[in-house]
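The next block holds one structure in the form of structure tokens; read it before the comments.
There are 2 protein chains.
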Amino acid sequence: MRDGGRNDERQAAIVAKLKSAGLRTTRPRVALAHLLFGQGDRHITAEALHSEARAAGLSISQATIYNTLNQFHEAGILREVQVEKARSYFDTNISDHHHFYVEGEGRLIDIEQNAISVDKLPSSPEGFRVTGVDVVIRLTK
Amino acid sequence: MRDGGRNDERQAAIVAKLKSAGLRTTRPRVALAHLLFGQGDRHITAEALHSEARAAGLSISQATIYNTLNQFHEAGILREVQVEKARSYFDTNISDHHHFYVEGEGRLIDIEQNAISVDKLPSSPEGFRVTGVDVVIRLTK
DNA sequence: ATTTATTTTAGAATTATTCTAAAATACTTG
DNA sequence: CAAGTATTTTAGAATAATTCTAAAATAAAT
Ligand SMILES: [Mn+2]
Ligand SMILES: [Mn+2]
Ligand SMILES: [Zn+2]
Ligand SMILES: [Zn+2]
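For the record, the sequence lines run as chains A and B. So that you can map any letter, position 46 of the first sequence is 46 in my numbering, and since no number is skipped, the others follow by simple counting. Add 1000 to a position in the second sequence, counting from 1, and you land on the number used in my numbering.
Given below as structure tokens:
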């Protein structure tokens, strides 16, 4: 059952992504990278990713889920978003952008950076440099 | 040792604040309110407040620290700020404003609302309303 | 004063996340 | 390829912030 090599291309793209992030291409990492990066931008928690992995028939430990998410984050191919107490979201969209956060549903929605103008930033305190600007607009029904 | 009634005034102000927030004025609540509101705007964690209380000779349980912070928050006299995984900050400044967050030090610094112009907010998804706009500027040395 | 409703508390429970150290796997070298 | 070495994965325990439980203490109402 060939497909003209389309799957091989996706596979190669994932492998290249990990390689160029300085990460070894192990089976669990490649599989999780497929779930994370294979279907457009996503915002996902560790537990949700673990469920998805199990649902996909993969047997990957919880520790590996956390290790992998943290490694991807440190390697710069995932962004960590802090919107609620006690649980991190990981964002496959690493471009500069902001978020709507739907309270109760626990859902994040991207806002393009230029949809908000964060003008005239106050100057940072002496001796510090800006490592990120996070805008979260909280929503309810 | 009189002081012209200045302490009584502060005490009365605290009591009035709790009353008008619909909260009973119990001894632990009044004592914590003094620590929280008696020395200008602050950003503090539950654990830090507990330490301060002990240092001030108060014996207040951990559960009461959490209960009180949550009640003050629900009553609208404290704001809860989510900047790092696994730990909440409570902010005695409940006006609309934003924050610098100094990573590593765990310190929050207020930014007046009009020091940043969050213009042309994108319209919220159909059926939702905005309950808050949080801007966090992360800093490092 | 008595009664009733609320609050405080010690300690246990919960939950996301990290740690540990041993087994498995990936990469390198001969 | 065959060892050897470095990295990764894993089960399960540990950690840490927060919440829960249910009983004792306190506050408000009668
Ligand atoms: Mn991280
Ligand atoms: Mn709360
Ligand atoms: Zn996003
Ligand atoms: Zn503040």
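Virtual Cβ for every residue (Gly too), placed ideally from N, Cα, C.
Pairwise C-alpha distance: residue j and residue i
{"i": "residue 102 (chain A)", "j": "residue 1075 (chain B)", "result": "22 Å"}
{"i": "residue 1042 (chain B)", "j": "residue 1095 (chain B)", "result": "13 Å"}
{"i": "residue 1104 (chain B)", "j": "residue 1022 (chain B)", "result": "37 Å"}
{"i": "residue 1026 (chain B)", "j": "residue 1063 (chain B)", "result": "15 Å"}
{"i": "residue 1069 (chain B)", "j": "residue 1080 (chain B)", "result": "9 Å"}
{"i": "residue 1141 (chain B)", "j": "residue 122 (chain A)", "result": "17 Å"}
{"i": "residue 1078 (chain B)", "j": "residue 1007 (chain B)", "result": "23 Å"}
{"i": "residue 128 (chain A)", "j": "residue 1139 (chain B)", "result": "6 Å"}
{"i": "residue 59 (chain A)", "j": "residue 97 (chain A)", "result": "33 Å"}
{"i": "residue 1052 (chain B)", "j": "residue 1046 (chain B)", "result": "10 Å"}
{"i": "residue 1107 (chain B)", "j": "residue 10 (chain A)", "result": "43 Å"}
{"i": "residue 1084 (chain B)", "j": "residue 1071 (chain B)", "result": "22 Å"}
{"i": "residue 1061 (chain B)", "j": "residue 1044 (chain B)", "result": "17 Å"}
{"i": "residue 134 (chain A)", "j": "residue 1040 (chain B)", "result": "26 Å"}
{"i": "residue 1028 (chain B)", "j": "residue 1054 (chain B)", "result": "12 Å"}
{"i": "residue 24 (chain A)", "j": "residue 1066 (chain B)", "result": "44 Å"}
{"i": "residue 1142 (chain B)", "j": "residue 1073 (chain B)", "result": "There is no way to answer for residue 1142 (chain B), as the model of chain B reaches only from 1001 to 1141."}
{"i": "residue 16 (chain A)", "j": "residue 1093 (chain B)", "result": "48 Å"}
{"i": "residue 1109 (chain B)", "j": "residue 1057 (chain B)", "result": "28 Å"}
{"i": "residue 1132 (chain B)", "j": "residue 12 (chain A)", "result": "43 Å"}
{"i": "residue 1125 (chain B)", "j": "residue 1119 (chain B)", "result": "17 Å"}
{"i": "residue 18 (chain A)", "j": "residue 82 (chain A)", "result": "24 Å"}
{"i": "residue 86 (chain A)", "j": "residue 20 (chain A)", "result": "32 Å"}
{"i": "residue 1050 (chain B)", "j": "residue 50 (chain A)", "result": "36 Å"}
Nonlocal neighbours in the same chain, by C-beta distance under 7 Å from residue i, ignoring five residues either side
{"i": "residue 14 (chain A)", "result": "30, 33, 34 and 37"}
{"i": "residue 1112 (chain B)", "result": "1097"}
Range of the contiguous alpha helix (DSSP H) that encloses residue i
{"i": "residue 51 (chain A)", "result": "46 to 55"}
{"i": "residue 1071 (chain B)", "result": "1062 to 1074"}
{"i": "residue 1027 (chain B)", "result": "1027 to 1037"}
Neighbour-count burial assignment, residue i, 16 or more Cβ in a 10 Å radius
{"i": "residue 1088 (chain B)", "result": "buried"}
{"i": "residue 1130 (chain B)", "result": "exposed"}
{"i": "residue 91 (chain A)", "result": "buried"}
Delimiting residues of the beta strand (DSSP E) encompassing residue i
{"i": "residue 190 (chain A)", "result": "There is no way to answer for residue 190 (chain A), as the model of chain A reaches only from 1 to 141."}
{"i": "residue 1111 (chain B)", "result": "1107 to 1112"}
{"i": "residue 1087 (chain B)", "result": "1087 to 1091"}
{"i": "residue 79 (chain A)", "result": "79 to 84"}
{"i": "residue 117 (chain A)", "result": "117 to 119"}
Beta-carbon contacts of residue i that lie in its chain and below 8 Å, excluding the five residues immediately before and after
{"i": "residue 115 (chain A)", "result": "98"}
{"i": "residue 48 (chain A)", "result": "none"}
Any non-hydrogen atom of ligand 6 closer than 7 Å to residue i Cβ
{"i": "residue 1114 (chain B)", "result": "Annotation note on ligand 6: not contained in the displayed structure, which lists ligand 1, ligand 2, ligand 3 and ligand 4 as its ligands."}
Cβ-based neighbour list, residue i, same chain, cut-off 6 Å, excluding 5 preceding and 5 following
{"i": "residue 1137 (chain B)", "result": "1100"}
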